[in-house]
């Protein structure tokens, strides 16, 4: 079994934080291998002085849905104050750290640039640097580490809370490695310590670690969800359901006007490695098409060692838009939300301009080939921050 950063902190590296007044950024995924929450592990040990909790998107206990603002509160279990980092304020401010010496970060990442928890980390690095405080990141496995690094590097002009810091879609770093990348590549200057794992390999899928999966957000219920998320997340920028409000988010996709059998047949004929498609019928309990009868497909991962989820997601997306003009991009501010996810308009415009005689898989390949220079550039940078 992999030995987590939090376990090494408790058993081998307590000196890193002993004597400091601590704040903790965490959520339900912050546990040891016995499922004891990091909140309790730090709060119940006399050697540690835990003063305050900081809650990301979905809240400190994970009971808030995606995109819903989280209020400041008091944690019922410990009585500790909880400051929200997903409400009116998403950054650590010096006044929030006045009674804190060191901020500890312990949450499970999913290995994809869309995930807001990594921007909570970036803002925490910036906030502790501004306040001249320390930050300690407790490392955890990247659950999709064997997947190839994929996607364009998102530029500053397209930076948002679902993409920034020149990250590709699949970045291939652990949360500790990512913290060091952010701190050094962007000259943040935080006083950063990373408590590394033991016995973790980059070739490990999460199921290889021996660790229990605790979902880091309500719509990331399994490691299998995380495997498809880097490609299927693009449907968040459309009027199709990406399966939120079902038990299979990012595996189910559809809309009330889709011919499920025809779509599943077309996607099966694309010959995508590692996946299969079946017609699916579902009714989301919330989010897009709430309580409507939705028809579409379920994506099944048959061989995770050969699947490329970004290619899969782009192929499914191109197929939907090329087949029916009722598929639409969701507007966001003065543009489109998919452009935030994709790091620009190229993905959307390529699909919009596609010849309907083209194969969806070829459109996906055109998009991914456009990103190849970015991938080569990131590969050189990423090598500087690998710890395992």
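In our numbering, the protein residues as written are 27 to 414.
Where a beta carbon is used, it is the ideal one built from N, C-alpha and C, also for glycine.
Going by DSSP, name the residue or residues bridged to residue i.
i: residue 219; result: 162
i: residue 57; result: 63
i: residue 110; result: 81
i: residue 185; result: DSSP lists no partner for residue 185.
i: residue 141; result: DSSP lists no partner for residue 141.
i: residue 99; result: 108
i: residue 49; result: 78 and 129
i: residue 224; result: 29
i: residue 196; result: 138 and 176
With a Cβ-Cβ cutoff of 8 Å, do residue i and residue j count as a contact?
i: residue 397; j: residue 190; result: no
i: residue 174; j: residue 334; result: yes
i: residue 346; j: residue 266; result: yes
i: residue 162; j: residue 34; result: no
i: residue 293; j: residue 205; result: no
i: residue 242; j: residue 99; result: no
i: residue 339; j: residue 260; result: yes
i: residue 364; j: residue 327; result: no
i: residue 49; j: residue 80; result: yes
i: residue 52; j: residue 86; result: yes
i: residue 244; j: residue 84; result: yes
i: residue 155; j: residue 198; result: no
i: residue 336; j: residue 108; result: no
Nearest CA to the CA of residue i: which residue from the options?
i: residue 90; options: 79, 174, 112 and 326; result: 112
i: residue 412; options: 179, 109, 34 and 227; result: 227
i: residue 250; options: 119, 170 and 134; result: 170
i: residue 158; options: 86, 128, 312 and 139; result: 128
i: residue 172; options: 332, 134, 356 and 404; result: 332
i: residue 181; options: 199, 205, 212 and 164; result: 212
i: residue 137; options: 288, 150 and 232; result: 232
i: residue 164; options: 240, 130, 284 and 304; result: 130
i: residue 262; options: 101, 357, 203 and 287; result: 357
i: residue 223; options: 355, 402, 246 and 167; result: 167
i: residue 291; options: 155, 253, 342 and 38; result: 342
What does a CB cutoff of less than 7 Å around residue i pick up in its chain, not counting 5 residues either side in sequence?
i: residue 278; result: 269, 272, 306, 308, 322 and 324
i: residue 188; result: 140, 142, 366 and 367
i: residue 400; result: 178, 179 and 194
i: residue 274; result: 324
i: residue 104; result: 65 and 69
i: residue 344; result: 377, 380, 386, 389 and 390
i: residue 67; result: 32, 36 and 58
i: residue 40; result: 73
i: residue 146; result: 51, 82 and 111
I'd like the list of long-range same chain contacts for residue i, defined as Cβ closer than 6 Å, with 5 residues on each side in sequence excluded.
i: residue 236; result: 27
i: residue 416; result: Shown here, the chain extends from 27 to 414; a query on residue 416 therefore has no answer.
i: residue 311; result: 271
i: residue 393; result: 340, 373 and 376
i: residue 118; result: 150 and 153
Using a threshold of 7 Å, is the CB atom of residue i nearer than that to any non-hydrogen atom of the ligand PLP?
i: residue 392; result: Of ligands this structure carries none, so the ligand PLP is not represented either.
Hey, is residue i's beta-carbon within less than 8 Å of any beta-carbon in chain E?
i: residue 326; result: No chain E appears in the structure shown, which is made up of a single protein chain.
Return the chain-ordered list of same chain residues with a C-beta closer than 8 Å to the C-beta of residue i, the five sequence neighbours on each side being excluded.
i: residue 125; result: 47, 77 and 78
i: residue 348; result: 377, 380, 382, 384, 386 and 389
i: residue 353; result: 264, 265, 266, 281, 346 and 347
i: residue 186; result: 366
Minimum length 4: unbroken alpha helix (DSSP H) runs contained in the stretch 279-364: Taken in chain order, the unbroken stretches of alpha helix (DSSP H) that lie wholly in the stretch 279-364 and span 4 residues or more are 286-294 and 335-349.
Segments of 4+ residues assigned as alpha helix (DSSP H) that fall wholly inside the stretch 226-285: Entirely contained in the stretch 226-285, the alpha helix (DSSP H) runs reaching 4 residues are, in chain order, 249-258.
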